[in-house]
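Residue numbers (the UniProt record's numbering): 1 to 238.
Cβ atoms here follow ideal geometry from the backbone N, Cα and C, with glycine treated the same way.
Heads up: the structure comes next, in structure tokens.
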């Protein structure tokens with residue numbers, strides 16, 4: 001028999017019953033756990049009770065809720081925000097929370113959003129189980145440096161060379177073009193936002209609107225998104 005997936009719902013307004021009903025109808029593989037918002041203030045709770053997917057009903061998205069949810073975002077499970085307020089949704093998107101549904105819930109929107117979250121969750125699990133297969137060799141003058149692909153925050157073109165910026169704050173200069181890395185890394189959720197920049201979307205912190213817009217990465221670098229790439233980028237993040 002297939003193992004159940006754990007869906008945790010944090011909702012004070014109707015005790016999560018609305019989300020729970022839809023989940024049980026459309027996704028019978030989920031075991032549903034209903035919780036009150038106070039659970040967000042218990043830092044050890046989610047390390048002891050790890051969900052496969054988390055629904056959080058937010059009435060107002062402010063700095064306090066953003067801080068709590070950003071900490072939860074460090075976990076592997078996807079977070080879907082549920083709100084009645086378009087303003088709250090916009091604030092959440094600015095902070096990098098791209099999965100949300102509006103109340104009253106619509107079946108189609110809900111199913112599409114959950115399916116996208118599950119797809120990412122399964123990719124993450126496959127990525128972790130693959131282990132050494134998700135490593136890449138970065139040629140250096142002394143030989144090569146072997147790194148986990150998920151440690152790469154971004155790649156920046158420099159003529160026929162590419163600078164690789166890693167999560168440990170180190171930088172490796174490689175004698176390969178950015179096109180080479182784009183071909184090899186696209187399947188690992190990397191996206192070329194500009195002729196100079198290839199980014200790991202897992203390390204994206206924020207998108208800032210503009211003509212093309214800008215992204216803020218985990219290393220706090222601010223990079224331009226080309227006008228030509230803007231629509232494709234936003235579509236991928238939707």
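In this structure, the beta-carbon distance from residue 93 to residue 54 does not fall below 9 Å. In the DSSP annotation of this structure, the continuous segment of the beta strand (DSSP E) that includes residue 157 starts and ends at 152-158. Taking the C-beta atoms as reference points, residue 178 is found nearer than 9 Å to residue 157. Comparing alpha-carbon positions, the option among 81, 115, 112 and 117 lying closest to residue 103 turns out to be 81. Listed in chain order, the beta strand (DSSP E) elements of length 3 or more contained wholly in the segment 11-35 are 30-35. DSSP places residue 235 within a helical segment (H, G or I) once states are collapsed to three. Beyond the five residues adjoining it in sequence on each side, residue 98 comes within less than 8 Å, by CB distance, of 237 and 238 in the same chain, given in chain order. If you draw a straight line from the Cα of residue 23 to the Cα of residue 143, it comes to about 52 Å. Residue 6 and residue 51 have their C-alpha atoms roughly 5 Å apart. Take the alpha-carbon of residue 207 and the one of residue 96: they are about 7 Å apart. Counting only unbroken stretches of 3 or more residues, the beta strand (DSSP E) elements lying wholly within the UniProt domain "HTH LytTR-type" (136-238) are 143-148, 152-158, 161-166, 171-174, 190-194, 197-200, 204-208, 214-217 and 222-224, in sequence order. Of the residues 151, 90, 213 and 134, the one whose Cα lies closest to the Cα of residue 167 is 151.
For residue 89, the CB contacts under 8 Å within the same chain, skipping 5 residues up- and downstream, are 61, 81, 83, 100 and 102 in chain order. In the three-state DSSP reduction, residue 115 falls in the helix class (H, G or I). Taking a 10 Å sphere around the C-beta of residue 195, we find fewer than 16 other C-beta atoms and assign the residue as exposed.
Linking residue 216 to residue 57 through their CA atoms gives a straight-line distance of about 26 Å.
Here residue 161 is exposed, its C-beta having fewer than 16 other C-beta atoms within 10 Å. Residue environment analysis places residue 113 among the buried positions, since at least 16 neighbouring C-beta atoms fall within 10 angstroms of its C-beta.
Boundaries of the alpha helix (DSSP H) harbouring residue 69: 63-73, taken from the DSSP string. Looking at the DSSP output, residue 57 sits in a beta bridge with 82. Linking residue 121 to residue 78 through their CA atoms gives a straight-line distance of about 7 Å.
The closest CA to that of residue 74, considering only 140, 46 and 233, is found on 46.
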